Amino acid sequence: MNAEERQSRILALARHQGRVEVTTIAVDLEVAPETIRRDLGVLERRGLLRRTYGGAYPVEGAGFETGLPERETLHVRDKRRIAAEAVKLLGDAETVFVDEGYTPQLLAGLLPCDRPLTVVTASLSTAAAIVDSQQVTVLLLGGRVRARTLATVGSWACAMLERFVIDLAFLGSNGISRELGLTTPDPVVADVKAKALAVSRRRVFMGHHSKFGASSFCRFAGVDDFEAIVTDVGLSSAEGHRYSLMGPRVHRV
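Just so you know, the sequence shown maps onto residues 8 to 260 in my numbering.
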């Protein structure tokens, strides 16, 4: 197996598993760990992987995006902590936008059910998870449903959002960086996120630390558009401080 074949295999495994470990992949491919580290460096320079201690995560872009089933199995403990911390920022909001994705879905399940609350979402999964709450009114945006994420996109979704004034938006992304802001692979998804951000008085970003420093195809927001960033302790305190200097409070849980 030459270097190109090996790197293709590493990338495929990372996208399938959500992460690769240097020691494990070295054994599987019967090469030295240092060879795998060089391969990871090549893939990182090409913008396909992001290296972490002992391994690497896949970077989502125009040619690759994880689906909801994969998101429901990756970093679940971290995502539960992120959702539990983010819901504390609800305050006295009466209308809330909850983004597509697994972490927002977890947050929706933690919203208080002892007071009237209106939740706007593009996510079929989120709507189904909370529609039985007696005090919660669920407004599902219309439009084309993306099979990968079970979320609606398109002009109908954006037109519905245009009519609202929302107290608080909980948003995610496929990548966030201090230089490029928040990005996602699909332009129609970026349109819905940008519109939700534009009609919301307050905005909170939620995301696993592997999203930080990564970038995708379509930019829909800047870091300074948010009052808070909620992530896990995998993001270093020093890097969290750098993001906080741009405006938002950074919560590491």
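Just so it is clear, CB atoms sit at the ideal spot from N, CA and C, and this is done for glycine as well. Predicted model only: the values in this text are computed from it and were never measured.
My guess is that residue i and residue j are in contact by the Cβ rule of under 8 angstroms, so how many angstroms apart are they, rounded?
i    : j    : result
A197 : C225 : 4 angstroms
T133 : L148 : Contact flag wrong, Cβ pair sits at about 11 angstroms.
V237 : V195 : Not really, about 26 angstroms apart at Cβ, beyond 8 angstroms.
Which of the three DSSP states is assigned to residue i in this structure?
i    : result
D35  : helix
C225 : strand
G254 : coil
V172 : coil
G61  : coil
T30  : helix
A129 : coil
L148 : coil
T159 : strand
Report whether the distance from the Cβ of residue i to the nearest heavy atom of the ligand NAD is below 8 angstroms.
i   : result
Y60 : You won't find the ligand NAD in this model; it holds no ligand whatsoever.
Applying the 10 Å Cβ sphere with the 16-neighbour rule, what's the burial state of residue i?
i    : result
M213 : buried
R210 : buried
Q142 : exposed
S244 : exposed
Suppose the cutoff is 8 angstroms on Cβ atoms and the five residues either side in sequence are ignored; what does the same chain contact list for residue i look like?
i    : result
S162 : G150
For residue i, I'd like the list of residues in its chain whose CB is within less than 6 angstroms of its CB, leaving aside the five on either flank, ordered along the chain.
i    : result
T191 : S180, N181, A197, S223 and C225
T102 : T125, I173 and D174
K202 : C165 and L168
Between which residues of its own chain and residue i is the CB-CB distance below 7 angstroms, once the five residues before and five after are set aside?
i    : result
D239 : D85, R88, I89, H215, H216, R259 and V260
Y250 : R185, V230, I236 and V257
Every unbroken beta strand (DSSP E) inside the stretch 75-127 [3 residues or more]
102-105
For the stretch 183-247, list the beta strand (DSSP E) runs that are entirely contained and at least 3 residues long, ordered along the chain.
188-191, 207-213, 225-228 and 235-238
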